[in-house]
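For reference, the structure discussed in these notes is given below.
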Amino acid sequence: MTETLRAATYIDKGGTGKTTATAHLGVACARQGHEVLLVDLAGKQGDLAKQFGVWDNYRQHIESDEAWPNVTTVFQDEWDAIAEKFGEEVVEELIIRTNERVDILPSHPGLDALDAELNEIDDIRERYGRFDRFLTDYIDPLRYDIVLIDLPGVSTNVSYNGLWAARNVVVPVKPEKFDVSQLRRLEADIQRMQSTFDAGIEVTMVIPNGVDLRTRLADAYLDALREEYSETVAPIAVPDSQDVRNAAAAGQTAFRLSSPSETAEKARRAFVRNAEALVDRLQESEVQRV
Ligand SMILES: Nc1ncnc2c1ncn2[C@@H]1O[C@H](COP(=O)(O)OP(=O)(O)OP(=O)(O)O)[C@@H](O)[C@H]1O
Ligand SMILES: [Mg+2]
Numbered sequence: 009m010t011e012t013l014r015a016a017t018y019i020d021k022g023g024t025g026k027t028t029a030t031a032h033l034g035v036a037c038a039r040q041g042h043e044v045l046l047v048d049l050a051g052k053q054g055d056l057a058k059q060f061g062v063w064d065n066y067r068q069h070i071e072s073d074e075a076w077p078n079v080t081t082v083f084q085d086e087w088d089a090i091a092e093k094f095g096e097e098v099v100e101e102l103i104i105r106t107n108e109r110v111d112i113l114p115s116h117p118g119l120d121a122l123d124a125e126l127n128e129i130d131d132i133r134e135r136y137g138r139f140d141r142f143l144t145d146y147i148d149p150l151r152y153d154i155v156l157i158d159l160p161g162v163s164t165n166v167s168y169n170g171l172w173a174a175r176n177v178v179v180p181v182k183p184e185k186f187d188v189s190q191l192r193r194l195e196a197d198i199q200r201m202q203s204t205f206d207a208g209i210e211v212t213m214v215i216p217n218g219v220d221l222r223t224r225l226a227d228a229y230l231d232a233l234r235e236e237y238s239e240t241v242a243p244i245a246v247p248d249s250q251d252v253r254n255a256a257a258a259g260q261t262a263f264r265l266s267s268p269s270e271t272a273e274k275a276r277r278a279f280v281r282n283a284e285a286l287v288d289r290l291q292e293s294e295v296q297r298v
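Every position in the sequence shown, counted from 1, becomes a number in the numbering used here once 8 is added.
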């Protein structure tokens, strides 16, 4: 691949599997031979780093004031000057390597304050465009094949920075019950994104996640989703799997499980196939970066 592909995982709703999808799609891409960077803009709790078992260590750095610069620093006015002063390594120092072939740029408690600071910037492109510029100027030269950005389940200045930077959105939806309103909300969100940015932002993939394959409710939900989002729905729904939860609690993805359950095996296959489709779609994506 010649240019770095980008996508952000987002829906204006908590707990649908955004972090799980970011981690598993990322690892699936890495296993397909791509160089992958995962970015956590999803909040101070460090969920993405936890998913790879590297948060405890990073949190200690934060607590002993050694985690500077960090993901919030790259949004600041002073970032270019900092990067110039400390040189190329400063960017590499932001990044943690994991034992699942993906690199991560972890979140930081300063993300909350950052959101308020961004509010002070009047110019919309400036307020929402900082992370885009950081990726273009400092991450693209590192020549990753794919950057996946994990976003919070709320619309904030930070999540808008992620959407603006990626332009392509991966949307995990969780059919806990047959919930038509979730589909409607998604539609409204997409429209709101388009009008807010006045630029192409595209829902690249809707992933039904946490589906209980045994129920008729799930069938009805999937049928409705496939009908309404025929262009964008992921090739394979990701089943609900206790092993996926257990793996996360143990600081790893389901790909690291040595004896996965049948549902975990199905979840892995779904993420592998969906990751292939995601890369294809990103390569063909029409939405341009300005
Ligand atoms: N397919 C799945 N099977 C079983 N558990 C899952 C599945 N997908 C996600 N989970 C679990 O559901 C919980 C929520 O998932 P996750 O943290 O990925 O959601 P999120 O959208 O990132 O949430 P938030 O909005 O809080 O960031 C986690 O405990 C996760 O392990
Ligand atoms: Mg999350």
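Glycine included, C-beta positions come from ideal geometry on N, C-alpha and C.
Pair within 8 Å by beta-carbon distance, residue i and residue j
| i | j | result |
| --- | --- | --- |
| Y66 | P114 | yes |
| G61 | Q250 | no |
| T144 | V177 | no |
| L159 | T28 | no |
| N127 | N169 | no |
| K182 | N217 | yes |
Local Cβ density within 10 Å of residue i, reported as buried at 16 or more and exposed below that
| i | result |
| --- | --- |
| R210 | The sequence given here has Glu at residue 210, not Arg. Classification for E210: buried. |
| L221 | exposed |
| R224 | exposed |
| Q59 | buried |
| S72 | exposed |
| R14 | buried |
| T30 | buried |
| I19 | buried |
| A257 | exposed |
| I154 | buried |
| T10 | exposed |
| R105 | exposed |
| E294 | exposed |
| R200 | exposed |
Given residue i as reference, the closest of the options once Cα atoms are compared
| i | options | result |
| --- | --- | --- |
| H69 | F83, Q59, G54 | G54 |
| R193 | K21, E11, T12 | K21 |
| Y136 | I112, G161, R175, V44 | R175 |
| G25 | F205, I215, D85, G208 | I215 |
| I103 | A228, I132, D48 | D48 |
| D131 | A285, E239, V252, F205 | F205 |
| V241 | V99, I198, P180, V287 | P180 |
Rounded Cβ spacing between residue i and residue j (contact assumed at less than 8 Å)
| i | j | result |
| --- | --- | --- |
| A283 | Q40 | 7 Å |
| L156 | L46 | 5 Å |
| F139 | F83 | 7 Å |
| E108 | R264 | 6 Å |
| H116 | V79 | 5 Å |
Cβ-heavy atom distance, residue i to ligand 4, below 7 Å
| i | result |
| --- | --- |
| G137 | As presented, the structure is devoid of ligand 4, carrying ligand 1 and ligand 2 as its sole ligands. |
Inter-stretch contact at 8 Å, needing at least 3 Cβ pairs: the region 242–260 / the region 269–286: yes
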